[in-house]
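Colleague: In our numbering, the protein residues as written are 279 to 684. C-beta: ideal position from N, C-alpha, C; glycine also. Could you have a look at this structure, given as structure tokens, before my questions?
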Amino acid sequence: MNPKWPVLWNARGANISLNYNYVLPFNFTSNESLNNIEQSFFSSSTVLSNTIQNLSLLKNHTMMHDIFSPYITRFILIFLVSLMTFMTVSGNLLVIIAFIREPTIRTYSNYFILNLSIADLLIGLICIPLYAHKLISGEWYLGYHLCKLWLVFDYVVGSASTLCIVVISYDRYQMVSKGLNYLSDISIRRALKFVLGTWIVAILNYGPAIILWDWLPNSEPYLYRTCGPPFAKNFPYLVTTAFVEFFVPFFSLTTLNLLVYLNIRQRSRGIISKNVIKLKSNESDANLTDKNKEKDRKKNFPISYSKSTSLVRDRKAAKNLFILVFAFVICWCPYTLLTLIRALCKYEDKCISSFIYEVTFWLLWLNSTINPLLYSFLHVKFREAFYRIICFYKHRHRHRSRTDQM
Numbered sequence: 279m280n281p282k283w284p285v286l287w288n289a290r291g292a293n294i295s296l297n298y299n300y301v302l303p304f305n306f307t308s309n310e311s312l313n314n315i316e317q318s319f320f321s322s323s324t325v326l327s328n329t330i331q332n333l334s335l336l337k338n339h340t341m342m343h344d345i346f347s348p349y350i351t352r353f354i355l356i357f358l359v360s361l362m363t364f365m366t367v368s369g370n371l372l373v374i375i376a377f378i379r380e381p382t383i384r385t386y387s388n389y390f391i392l393n394l395s396i397a398d399l400l401i402g403l404i405c406i407p408l409y410a411h412k413l414i415s416g417e418w419y420l421g422y423h424l425c426k427l428w429l430v431f432d433y434v435v436g437s438a439s440t441l442c443i444v445v446i447s448y449d450r451y452q453m454v455s456k457g458l459n460y461l462s463d464i465s466i467r468r469a470l471k472f473v474l475g476t477w478i479v480a481i482l483n484y485g486p487a488i489i490l491w492d493w494l495p496n497s498e499p500y501l502y503r504t505c506g507p508p509f510a511k512n513f514p515y516l517v518t519t520a521f522v523e524f525f526v527p528f529f530s531l532t533t534l535n536l537l538v539y540l541n542i543r544q545r546s547r548g549i550i551s552k553n554v555i556k557l558k559s560n561e562s563d564a565n566l567t568d569k570n571k572e573k574d575r576k577k578n579f580p581i582s583y584s585k586s587t588s589l590v591r592d593r594k595a596a597k598n599l600f601i602l603v604f605a606f607v608i609c610w611c612p613y614t615l616l617t618l619i620r621a622l623c624k625y626e627d628k629c630i631s632s633f634i635y636e637v638t639f640w641l642l643w644l645n646s647t648i649n650p651l652l653y654s655f656l657h658v659k660f661r662e663a664f665y666r667i668i669c670f671y672k673h674r675h676r677h678r679s680r681t682d683q684m
């Protein structure tokens, strides 16, 4: 190789030699001119070499980004899904254990909360982990039958969760409006009928469609690697299920909460007006002896105290119910609306971003995660039961560690 020929490096690291006899189409007689040409070639080759090296570094950086970015994304997804699964399972499991262990919690109304916790627990144990496999790997590798099973659990359990919230709201409304008359009519058997009814409606809403849709004529074929619902593009069916699963519960919850608010407001005004009338009556009754006044005060005090205590309890129950319903609307409304919009779109991604739709999908399951937190913060008995359960297992663990050391 001629030492005067400049040597370049291509992107793969191979030598490239430049021979002037082939590069130049004419001859130079002057040594000075030849030296100038050589210097210009050397400077040009240096610039080209630096450019190629920069492109090579950029390519290597891009390759490193392509290699490490999926792993970082998967790590973040695995962490978030694991955290959500742990919180959903542990929180709802605490509610179930508290119901079993604490006799004071095993009341008629709390049977509906137990039912909701069972539905949310199934979401944390089955629905979230199986979908996380699809989300992280990018495709469904678990086969046709497990896909069908996951779809049944996901849609049926999610629908049952919304219906449980409707039953809880109806129970609170009856308790606030009827009071003692309602308490005399309730029974565990009646509560179990409501619980069974929520699951029957949820199963009929989605179960037959998911299981039998493939047998219908002109039905969409099952896609092995996606595991999507077979009715994803069937707008009439989605509207029907959306009414049963979201719109009817939404309007029912709104109406029940409004009736509870009006009932409490009316009772508050009634107690205030009675107190004012009684105060005027006491002022006009100045001729009564002190002994008679004392008897009258003792006789009326338990009734007024009971009414005010009941009103305070109902106000607190109404506030807790409103927060529970508000969380349901925030978690379910975006997904329901976007599902209907996507069903009308010929090209789904052009109407709604896949990322936004994915976020609303996870927002559904977030409702199952936060429900136990609402119980612990808003219900004193549940909060006390959680504290006793956690302390019991901590004390038991410490006792075992001490005995092992001995």
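(1) Are there 16 or more other CB atoms within 10 angstroms of the CB of Pro486, so buried, or fewer, so exposed?
(2) Going by Cα to Cα distance, which pick from Trp418, Lys594, Thr363, Cys669 is closest to Tyr539?
(3) Would you mind stating whether Ser439 and Asn535 have Cβ atoms separated by less than 8 Å?
(4) Under 8 Å by Cβ, that's how I've got Leu441 and Pro527 pegged, so tell me the actual separation to the nearest angstrom.
(5) Should Phe655 be flagged as near chain C, meaning a C-beta pair shorter than 8 Å?
(6) Whose CA, out of Asn598, His657, Cys405, Phe521, lies closest to the CA of Thr614?
(7) Does the pairing of the segment 644 to 656 with the segment 390 to 402 give three or more beta-carbon distances under 8 Å?
(8) Does Thr385 come out as helix, strand or coil in the three-state DSSP assignment?
(9) Do Leu599 and Arg450 have their beta-carbon atoms positioned less than 8 Å apart in this structure?
(10) Nearest-angstrom Cα distance between Ile466 and Val473?
(11) Tell me the DSSP secondary structure of Asn512 in three-state form.
(12) Quick check on DSSP: helix, strand or coil for Ile630?
(13) So, for Arg384: in the same chain, excluding its five sequence neighbours on each side, which residues have a beta-carbon less than 7 Å away from its beta-carbon?
(14) To the nearest angstrom, how far is it from the Cα of Phe659 to the Cα of Ser415?
(15) Measuring CB to CB, does Val444 end up less than 8 Å from Leu531?
(16) On the criterion of 16 or more Cβ atoms from any shown chain inside 10 Å, does Arg543 qualify as buried, or is it exposed?
(17) Touch check for the segment 360 to 380 and the segment 603 to 614: three-plus C-beta pairs under 8 Å?
(18) If you follow the alpha helix (DSSP H) that Asp449 is part of, which residue opens it and which one closes it?
(19) For the alpha helix (DSSP H) containing Thr476, name the first residue and the last one.
(20) Kindly list the residues whose CB is nearer than 6 Å to the CB of Leu602, restricted to its own chain and excluding five residues on each side of it in sequence; keep chain order.
(21) Helix, strand or coil for Glu417? Go by DSSP, reduced to three states.
(22) Could you tell me how far apart the beta carbons of Val430 and Ile488 are, in whole angstroms, since I believe they sit closer than 8 Å?
(23) Mind checking whether Thr366 and Ile396 have CB atoms under 8 Å apart?
(24) Between which residues of its own chain and Ile667 is the CB-CB distance below 8 Å, once the five residues before and five after are set aside?
(25) Apart from the five residues on each side of it in sequence, which residues of its chain come closer than 8 Å, Cβ to Cβ, to Leu224?
(26) When you compare only the Cα positions, how much space is there between Phe513 and Leu642?
(27) State buried or exposed for Leu616, treating a residue as buried only when at least 16 other CB atoms are found within 10 Å of its CB.
(28) Give the secondary structure of Thr504 by DSSP, where H, G and I count as helix, E and B as strand, and everything else as coil.
(29) Between the alpha carbons of Ile404 and Arg545, how many angstroms are there, rounded?
Modeller: On the basis of the supplied data:
(1) As a position in the sequence shown, residue 486 is number 208, starting the count at 1. Exposed, because fewer than 16 other Cβ atoms sit within 10 Å of the Cβ of Pro486.
(2) As a position in the sequence shown, residue 539 is number 261, starting the count at 1. The candidate whose alpha carbon is nearest that of Tyr539 is Lys594.
(3) Within the sequence shown, residue 439 is the residue found at index 161, counting from 1. Within the sequence shown, residue 535 is the residue found at index 257, counting from 1. The answer is no: Cβ separation not under 8 Å.
(4) Taking the sequence shown and counting its residues from 1, the one referred to as residue 441 is at position 163. Taking the sequence shown and counting its residues from 1, the one referred to as residue 527 is at position 249. Rounded, the Cβ-Cβ distance is 7 Å, consistent with contact.
(5) Of the chains in the structure shown, none is chain C; there is only one protein chain.
(6) Within the sequence shown, the letter at position 336 stands for residue 614. Ranking Asn598, His657, Cys405, Phe521 by Cα distance to Thr614 puts Phe521 first.
(7) yes
(8) As a working mapping, residue 385 is identified with position 107 in the sequence shown. Coil.
(9) Stepping through the sequence shown from its first residue, residue 450 is reached at position 172. Stepping through the sequence shown from its first residue, residue 599 is reached at position 321. Contact: yes.
(10) Translated into positions along the sequence shown, residue 466 becomes position 188. Translated into positions along the sequence shown, residue 473 becomes position 195. Each residue's Cα considered, the two are about 10 Å apart.
(11) Taking the first residue of the sequence shown as position 1, residue 512 is located at position 234. Coil at Asn512, not helix or strand.
(12) To locate residue 630, count along the sequence shown from 1; it is residue 352. In this structure, Ile630 counts as coil in the three-state DSSP scheme.
(13) As a working mapping, residue 384 is identified with position 106 in the sequence shown. Result list for Arg384: Phe377, in chain order.
(14) Counted from its first residue, the sequence shown places residue 659 at position 381. Counted from its first residue, the sequence shown places residue 415 at position 137. Residue identity differs from the one stated: residue 659 is Lys in this sequence, not Phe. Spanning the two alpha carbons is a distance of roughly 43 Å.
(15) Here residue 444 corresponds to residue number 166 of the sequence shown, with the count starting at 1. Here residue 531 corresponds to residue number 253 of the sequence shown, with the count starting at 1. Yes, they are a contact pair.
(16) Mapped onto the sequence shown, residue 543 falls at position 265. Counting Cβ neighbours within 10 Å, Arg543 comes out exposed, since fewer than 16 surround it.
(17) no
(18) Sequence index remark: in the sequence shown, residue 449 carries index 171 (1-based). That run of the alpha helix (DSSP H) goes 422 to 456.
(19) Numbered from 1 along the sequence shown, position 198 holds the residue referred to as residue 476. Thr476 -> alpha helix (DSSP H) spans 466 to 490.
(20) Working through the sequence shown from its first residue, we reach residue 602 at position 324. If we look at Leu602 and ignore the five residues flanking it on each side, its Cβ neighbours are Leu652.
(21) Counted from its first residue, the sequence shown places residue 417 at position 139. DSSP places Glu417 in coil when its eight states are reduced to three.
(22) For the purposes of this step, residue 430 is identified with residue 152 of the sequence shown, where counting begins at 1. For the purposes of this step, residue 488 is identified with residue 210 of the sequence shown, where counting begins at 1. Contact holds; Cβ gap of about 5 Å.
(23) Counting from one through the sequence shown, the residue named residue 366 turns up at place 88. Counting from one through the sequence shown, the residue named residue 396 turns up at place 118. In this structure, Ile396 does not lie closer than 8 Å to Thr366 by Cβ.
(24) In the sequence shown, counting from the first residue as 1, residue 667 sits at position 389. Excluding sequence neighbours, Ile667 sits near Leu372, Ile375, Ala376, Arg379.
(25) This structure cannot settle anything about residue 224, because the visible part of the chain is limited to 279 through 684.
(26) For the purposes of this step, residue 513 is taken as residue 235 along the sequence shown, with counting starting at 1. For the purposes of this step, residue 642 is taken as residue 364 along the sequence shown, with counting starting at 1. When rounded, the distance between both Cα atoms is 20 Å.
(27) The count along the sequence shown starts at 1 and reaches residue 616 at position 338. Leu616 is buried by the Cβ-count criterion.
(28) Working through the sequence shown from its first residue, we reach residue 504 at position 226. Correct three-state label for Thr504: coil.
(29) Here the question's residue 404 lines up with position 126 in the sequence shown. Here the question's residue 545 lines up with position 267 in the sequence shown. Using only the alpha carbons, I get a separation of about 45 Å.
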